[in-house]
Amino acid sequence: MMKKLSLYTIVFACLALCTLYLYGRSNMVSSTTGATASNTSANNTTRAAASKISADNTAGLTTVAASFDAPTGIAFDSSNAMYVTNWSGNSTTKITADGERKTIYSNISSPAGIVIDAEDNIYVSSYSDDYILKITADGKAEKISDGYHTPTGIAFSNSGNLLITNRSTGEIVSLDLNNRRKEIIARGLSTPVGVTQLPDNSLVVSQYSGRLTLIRPNGQQTELGKDFNRPGVGIVTVSPNMVAVIDNGADMVRTVDIKTGTVRKLVTSLPGAVALALHNNRYYIGTWQDGTVYAFNPK
């Protein structure tokens, strides 16, 4: 009797082990199949995004250069060389009209805005260290002004002063480049990151909070950003009554008619759009997601 019980016990144990093995193998196959499907879906999404960018290229959007580290500002000198600030790379890159590429400065923390004057002097804002850097045409670098509060986008005023967005304090500061005196010319903004001045001396300020604000010379403010997701650093004056602005939250560039308030899409499908410049009737857009500068020829 004991022998029979032992035999039954052994047979039962073997059957249980076989069942567990088959169940476990089935789950492994199911799990692997699910992962494969997930990876396939992700790959298809990536290919679809790449295809969308490619399709937009044929409609006037072309790649100028890649491999930037979070391109945040774009400017051009008198020889048509392009300069790009690498926010994550703590550097500024120059690309000549012939395509030669080199780093012109690599000791600035989180460079953001960049502008170049008629004498090819370069001005760059250091977002993390709160100063403005000047690089002369012959390569000499100097901190010319400090004490800012996360300075982001910068631009020239109609009088030649440097306009600086103080992101963390909600201000626009005007810096006289001759005597280096600073003056706060606008307050009460919400994380301003970009600024441009119109011919009538009005300012248009892009704000990461979602606002796009027109500030008249008398201080009157008008909100223009109701159609924006999140205005970015890049903003340029296109004509006396029109600006082009990065909508970082929507991966696009929009134009705004200052008189009517009409907002239109200029170019879309720009992954993480941040930087914007207008040079020789072409728009140049820097995107963070793929570290690329694109050019767009409007029709």
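Per my numbering, numbering of the sequence shown is gapless, rising by one per residue and ending at 671.
For each residue, glycine too, the CB sits at the ideal point set by N, CA and C.
Would you list the one or two residues that DSSP bridges to residue i?
i	result
Gly658	Ala647, Val665
Leu433	Phe668
Pro483	Ser498
Asp629	Met614
Glu595	Thr585
Ser460	Beta-bridge pairing links Ser460 to no other residue.
Thr475	Thr465
Asp619	Pro603, Met624
Thr609	Val615
Ala447	Tyr455
CA-CA distance, residue i and residue j?
i	j	result
Arg654	Thr563	28 angstroms
Thr634	Thr627	8 angstroms
Val639	Asn669	10 angstroms
Arg602	Asn620	5 angstroms
Ala667	Thr524	22 angstroms
Arg559	Ser546	12 angstroms
Gly604	Met614	17 angstroms
Gly658	Val577	19 angstroms
Asn573	Leu561	18 angstroms
Ile536	Ile476	22 angstroms
Asn550	Ile556	17 angstroms
Lys671	Asp510	38 angstroms
Gly566	Met624	15 angstroms
Ser497	Asp599	29 angstroms
Asn479	Thr632	44 angstroms
Thr568	Tyr656	16 angstroms
Thr435	Ser529	30 angstroms
Ser439	Arg553	37 angstroms
Val665	Ala527	19 angstroms
Gly606	Ser481	19 angstroms
Lys590	Leu642	With the sequence shown as reference, residue 590 is identified as Asn, and Lys is not the correct amino acid for it. Taking the straight line joining both Cα atoms gives about 36 angstroms.
Ile618	Gln579	10 angstroms
Within 10 angstroms of the Cβ of residue i, are there 16 or more other Cβ atoms? Answer buried if so, exposed if not.
i	result
Gln592	exposed
Thr464	buried
Ala469	exposed
Arg539	buried
Glu543	buried
Pro483	buried
Ala622	buried
Gly471	exposed
Ser531	exposed
Thr444	buried
Ala490	exposed
Return the chain-ordered list of same chain residues with a C-beta closer than 6 angstroms to the C-beta of residue i, the five sequence neighbours on each side being excluded.
i	result
Leu650	Val608
Gly432	Phe668, Asn669
Thr594	Leu586
Thr522	Tyr499, Arg539, Ser540
Asp548	Asn533
Ser451	none
Asp449	Ile488, Asp492
Asn652	none
Ile494	Ile488, Ile507
Glu514	Lys506
Might you give, ordered along the chain, the residues of its own chain that have their beta carbon closer than 8 angstroms to the beta carbon of residue i, omitting 5 neighbours on each side?
i	result
Ala442	Asn458, Trp459, Ser460, Gly461, Val646, Trp660, Gly663
Val610	Ala616, Thr627, Leu650
Leu570	Val576, Thr609, Pro612, Asn613, Val615, Ile630
Gly644	Asn620, Asp623, Thr659, Trp660, Gln661, Asp662
Tyr520	Ser497, Asp502, Tyr503, Ile504, Ile536, Asn538, Val545
For residue i, which residues in the same chain have their Cβ closer than 7 angstroms to its Cβ, ignoring the five residues on either side in sequence?
i	result
Asp518	Asp502, Tyr503
Ile467	Ala437, Ala453, Met454, Arg473
Ala447	Tyr455, Ile486, Val487, Ile488, Ala649
Gly597	Gly582, Arg583, Leu584, Pro603
Asp629	Asn613, Met614
Arg588	Ser574
Arg636	Arg626, Thr627
Ile516	Ile504, Lys506, Arg552
Using 8 angstroms as the limit for Cβ to Cβ distance, is residue i near chain D?
i	result
Asn458	Of the protein chains in the structure, only one exists, and it is not chain D.
Inside the stretch 499-586 only - beta strand (DSSP E) runs reaching at least 3 residues
List check, beta strand (DSSP E) in window: 503-507, 513-518, 523-528, 534-538, 543-547, 554-558, 564-569, 575-579.
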